[in-house]
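Chains as they are written, first to last, in the working numbering: chain A, 1 to 197; chain B, 198 to 394.
Here is the structure we will look at.
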DNA sequence: TGTACATCAGTGAACGCGCGTTCACTGATGTAC
DNA sequence: TGTACATCAGTGAACGCGCGTTCACTGATGTAC
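In structure tokens, the structure reads:
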């Protein structure tokens, strides 16, 4: 007889949840968000259609339930940069540092990127997240400058930093696997000052 | 008796079309894109529900059927800037020039902005358009530099220019009506070089 | 260690809703002669 | 100028589809005693 050792509820739930996220991102990346029904996702994940909405309120929301932690420790690292650096240099060093070790995540990030790019609604949702990240940067710059509130310059830092990072990320995903994301981030930050004069 | 002078077909069609666009943008701005049904739009426009899909293939598409012509003559104006200017200066002068006379469009642009911001799918669609505009800028910069294809630097110009313009536009819409968009665009371009060092 | 009950992952079935499509038609405008 | 036909703006009705909700239930896991 098969003895099935009991599966703790939290483990069972985490499994279903992860299976759904994996299934969804792969199907979105391959077939596109709009062409993928929630039923196709549950079929691939091996659960019933109804179970999808037990874990995620909408089809969109499943895409953003994985956090690669890029901005998690941003403020702390940024504020640790030596005072001798300009804000731009400190920003550059921080982003380069955060990008280290992304090689292992490449396949996942590629799938995520393809999934998001497959649908306008996901691009729009990601914009909201990027805006939040830009705000995080703006607030960190404000603190480094001794301001209580980010002013226009701080917010511009936030927007520009995110643009540079996004450009590096896309260049990394489009280019040969051997290149390091950190190097591409550094190159983007290096490129800008010479142009804007 | 009422004599109704015949309405040319093209005129009737243009009227319905414009009425639908006006109704849609106002409802989206007020109630949000997702909370506005196509039927509510047709009711406000004074046509039948079926008529919506005669003019627009999807509910989304109606938002982007008005062109404020911002980028229409961009390349020509940019390439007309004196060779003594740097690329950045030429870009700045071109964007400032294109922004002139936007005061009259303010109410319309405000409605458009609120409509787009009301829904992730519209934000995503607009991103595609902004990406096209960034490409236009990148190609114009490439031509000014005598390149056949935009390189990474040209494309960075495109992305950065669009960010600066979008920031100026939002600042304009959020600020007092008396300020000129052109001045805000100029201020954004002026702010960047001092920061990135 | 064993029993009784509470909790919770997972499911089934039926439904409301709005987008977008399809088929078929009306009546005014446009055009050929 | 008048007649005959073609075109096209606008509509009605019915429908397919997939998202997301609601109600009701099963059976395994977790816990209190």
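No residue lacks a Cβ here, since even glycine has one placed at the ideal position from N, Cα and C.
Note that this is a predicted model, so its numbers are computed, not measured.
Item, Value
"DSSP three-state assignment for residue 329 of chain B, whether helix, strand or coil", "helix"
"For residue 275 of chain B and residue 287 of chain B, believed in contact at Cβ under 8 Å, the rounded distance", "6 Å"
"Chain B contact for residue 88 of chain A (CB, 8 Å cutoff)", "yes"
"Interface flag, residue 79 of chain A vs chain B, CB-CB below 8 Å", "no"
"Inter-residue spacing [alpha-carbon to alpha-carbon] between residue 216 of chain B and residue 231 of chain B", "20 Å"
"Length-filtered (4 minimum) alpha helix (DSSP H) runs lying within the stretch 232-282 of chain B", "235-242, 246-252 and 271-276"
"Residue 367 of chain B versus residue 7 of chain A: straight-line alpha-carbon distance, rounded", "53 Å"
"Reduced DSSP secondary structure (H/G/I, E/B, other) of residue 347 of chain B", "coil"
"Of the listed residues B:328, B:353, B:295 and B:326, nearest to residue 338 of chain B (C-alpha basis)", "B:353"
"Contacts of residue 47 of chain A in chain B (Cβ-Cβ under 8 Å)", "Here the premise fails: no neighbours, minimum Cβ distance about 26 Å."
"Within-8 Å CB hit, residue 327 of chain B to chain A", "no"
"Test item: CB-CB of residue 125 of chain A and residue 52 of chain A under 8 Å", "no"
"Cβ neighbours of residue 313 of chain B in the same chain (closer than 7 Å, five flanking residues each side left out)", "260, 319, 320 and 323"
"Interface partners of residue 157 of chain A on chain B, CB under 8 Å", "392"
"Under 7 Å from the C-beta of residue 322 of chain B: neighbouring residues of chain A", "120"
"CB contact flag (residue 133 of chain A, residue 71 of chain A, <8 Å)", "yes"
"Stretch pair the stretch 87-101 of chain A + the stretch 288-297 of chain B: three plus CB contacts closer than 8 Å", "no"
"Neighbourhood of residue 67 of chain A by C-beta, 8 Å cutoff - its chain only, sequence neighbours within 5 removed", "none"
"Proximal chain A residues relative to residue 388 of chain B, where beta-carbon distance stays under 9 Å", "152, 153 and 156"
"Contacts that residue 360 of chain B makes with chain A (C-beta to C-beta distance below 8 Å)", "159, 160 and 163"
"Cβ neighbours of residue 225 of chain B in the same chain (closer than 6 Å, five flanking residues each side left out)", "233, 312 and 315"
"Contacting residues, own chain, Cβ-Cβ under 8 Å from residue 166 of chain A (five flanking each side not counted)", "130"
"Check whether residue 238 of chain B and residue 210 of chain B have beta carbons under 8 Å apart", "no"
"DSSP three-state assignment for residue 180 of chain A, whether helix, strand or coil", "coil"
"Partner residues on chain A for residue 364 of chain B, Cβ-Cβ distance less than 9 Å", "152, 155, 156 and 159"
"Option in A:180, A:111 and A:168 with minimal Cα separation from residue 201 of chain A", "Outside the shown range of chain A, which is 1 to 197, sits residue 201 of chain A, and nothing can be said about it."
"Cβ distance (whole Å) where residue 360 of chain B is taken to contact residue 137 of chain A below 8 Å", "With a Cβ gap of about 13 Å, residue 360 of chain B and residue 137 of chain A do not count as contacting."
"Distance between residue 384 of chain B and residue 372 of chain B (C-alpha atoms, nearest Å)", "14 Å"
"Outcome for residue 379 of chain B when other beta-carbon atoms lying within 10 angstroms are tallied against a minimum of 16", "buried"
"Span of the alpha helix (DSSP H) around residue 97 of chain A", "87-98"
"Where residue 198 of chain B falls, given that 16 or more other Cβ within 10 Å makes a residue buried", "In this prediction, residue 198 of chain B scores a pLDDT of 45, lower than 50, which makes its location untrustworthy; no coordinate-derived value is stated."
"Range covered by the alpha helix (DSSP H) that runs through residue 224 of chain B", "206-228"
"Through-space distance from residue 55 of chain A to residue 9 of chain A, alpha-carbon basis", "14 Å"
"Proximity test, Cβ basis, 8 Å: residue 380 of chain B and chain A", "no"
"Exposed unless 16 or more other CB atoms sit within 10 angstroms - verdict on residue 389 of chain B", "buried"
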